[in-house]
Structure formats: C-alpha cells, structure tokens
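A.B. asks: Got a structure for you, questions after.
Set out below in structure tokens:
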C-alpha cells in the first residue's frame with residue numbers, strides 16, 4: 001500500500017458488509033482484527049454508550065496515527081455487536097444463537113450481555129491500537145481500559161438486512177433462521193448485528209442493520 005492510497009476493508013470484503021432486505025446470503029468470514037468491549041446491561045444505558053464512544057475514539061485515533069506516521073489512509077469500519085443472555089447450559093459461544101432485540105424482549109434488559117466491536121483494517125495492528133489508547137487517555141473515557149484487541153474468525157455465516165426499528169427484528173430473524181434450516185444447516189454462536197450508516201442520525205424506520213448468524 002503506497003503513501004496516500006486509501007484502504008477500505010469494506011471493498012476488500014464487500015460481501016460481508018452488504019445485504020438486501022428479504023434476501024439471505026451465506027458468507028465465509030475470515031480472521032479479522034477487532035477492537036472490542038464486553039459488557040452487560042440495557043443497550044440504552046451508559047455502559048454501552050461508553051463502550052461505543054471508546055471504540056470510535058480508538059478507531060479514529062489509530063487511523064489518524066497511521067496517516068501521520070506512514071502516510072496511509074484507511075476508512076473506519078461500522079459498529080458491530082454480539083447480543084446474548086446467559087442460560088443454564090448455554091453460556092458457551094458455540095451454543096445456539098440467542099435472538100436479537102426482538103427475541104430478548106421478554107428478558108430483563110439489565111441481564112442482556114453484549115460485545116460491542118469494530119473491525120480494524122490492515123495495516124492497523126495491536127501495537128498501533130495500544131499507542132492510540134495511550135494517546136486517547138486525556139479524553140478520560142470510562143471504557144478505555146476495557147478495550148481488548150483480538151483476532152477472530154467467525155467462519156461460515158448466514159446474514160440478511162433488516163430495515164426498521166431494532167424491536168421489530170423478530171420477523172427478519174425468523175426468515176434468516178428458516179433459510180438456514182432450508183439449506184440443511186443449523187445456527188450456532190451468538191446473534192451478530194452490524195450497524196450500517198450512522199444509527200444516531202437515522203429515523204427508527206430507516207435504520208439498516210445487517211443481521212448475521214454463524215452456521216454449521
């Protein structure tokens with residue numbers, strides 16, 4: 001990658017960040033480096049908001065650091081999150097998927113578990129992210145020290161696009177899982193959401209959420 005060139009990981013693995021409403025796609029997700037924060041509680045509460053703030057801060061700091069030190073330009077990837085709740089015998093991340101917001105409607109929101117995360121495109125690495133963390137300390141972000149940097153391979157997955165409020169995801173999830181069964185597969189792992197665009201600036205009926213379920 002030459003100085004001044006723009007790297008957009010979404011173009012390199014575009015199929016992983018695209019979807020059509022009503023259409024289910026099967027994709028293979030390779031190992032990717034994530035910045036992530038794990039937590040528990042209401043997604044409208046302060047802990048999740050602080051996690052998101054830390055993720056965006058560290059991601060932009062790493063991208064600007066790369067541009068300053070190497071003249072390389074990358075684009076920040078979308079916010080993503082895994083959602084689940086602990087059940088007896090279902091705490092393993094390879095256990096069947098726990099449904100998203102719609103499927104969690106009967107569960108106390110303070111019991112929801114989540115992992116907020118953002119992919120970090122190459123050539124960003126753990127060392128650059130740690131440097132970005134240290135350079136961000138003046139911002140006094142509550143979740144800064146909760147950030148972890150891990151490479152994760154999600155593998156074979158089914159995904160579809162949901163357009164509308166998060167609380168209305170139930171029907172979309174049902175169609176997604178029905179397509180998995182029809183393909184002779186079964187779901188595994190945790191419910192995965194990718195927030196396309198900026199949810200903070202979108203009306204509820206315009207929200208675009210890519211819903212992904214690992215399969216086997």
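Numbering (my numbering), first residue to last: 1 to 216.
Every residue gets a Cβ at the ideal spot worked out from N, C-alpha and C, and that includes glycine.
1. Here's the rule: buried if 16 or more other CB atoms are within 10 angstroms of the residue's CB, otherwise exposed. What is residue 133?
2. Can you tell me whether DSSP reads residue 61 as helix, strand or coil?
3. Helix, strand or coil: how does DSSP classify residue 212 here?
4. Which ranges does the beta strand (DSSP E) cover as unbroken runs of at least 3 residues, wholly within the stretch 137-196, from first to last along the chain?
5. Helix or strand or just coil, what does DSSP make of residue 203?
6. Which residues in the same chain have their Cβ closer than 6 Å to the Cβ of residue 148, if we skip the five residues on either side of it in sequence?
7. Confirm, please, whether the CB-CB distance from residue 215 to residue 156 is below 9 Å.
8. Name the one or two DSSP bridge partners that residue 115 has.
9. I need the DSSP call for residue 21, collapsed to helix, strand or coil.
10. Just to check my reading of the structure: residue 169 and residue 211 have Cβ atoms closer than 8 Å, yes? What is that Cβ distance to the nearest angstrom?
11. Suppose you measure from the CA of residue 66 to the CA of residue 192; what does that come to, to the nearest Å?
12. With distances taken Cα to Cα, identify the nearest neighbour of residue 82 among 69, 201, 194 and 203.
13. Tell me the rounded alpha-carbon separation between residue 29 and residue 188.
14. Counting only the same chain and skipping the five closest in sequence on each side, list residues whose C-beta sits under 8 Å from that of residue 124.
15. Relative to the alpha-carbon of residue 120, which residue among 163, 57, 159 and 44 has its alpha-carbon at the smallest distance?
16. Quick one: grab the DSSP three-state call for residue 66.
17. Let me check understanding here. Comparing Cα to Cα, which of 126, 190, 176 and 39 lies closest to residue 142?
18. Should residue 24 go down as buried or exposed, given a rule of 16 or more other Cβ atoms within 10 Å for buried?
19. Thinking C-beta only, is residue 20 closer than 9 Å to residue 161?
20. Can you give me the start and stop residues for the alpha helix (DSSP H) that residue 122 sits inside?
C.D. replies: According to the data block:
1. buried
2. helix
3. strand
4. 148-163 and 191-196
5. coil
6. 36
7. yes
8. 38 and 82
9. strand
10. 7 Å
11. 29 Å
12. 194
13. 14 Å
14. 33, 62, 63, 66 and 74
15. 57
16. helix
17. 39
18. buried
19. yes
20. No alpha helix (DSSP H) holds residue 122; DSSP gives it neither H nor E.
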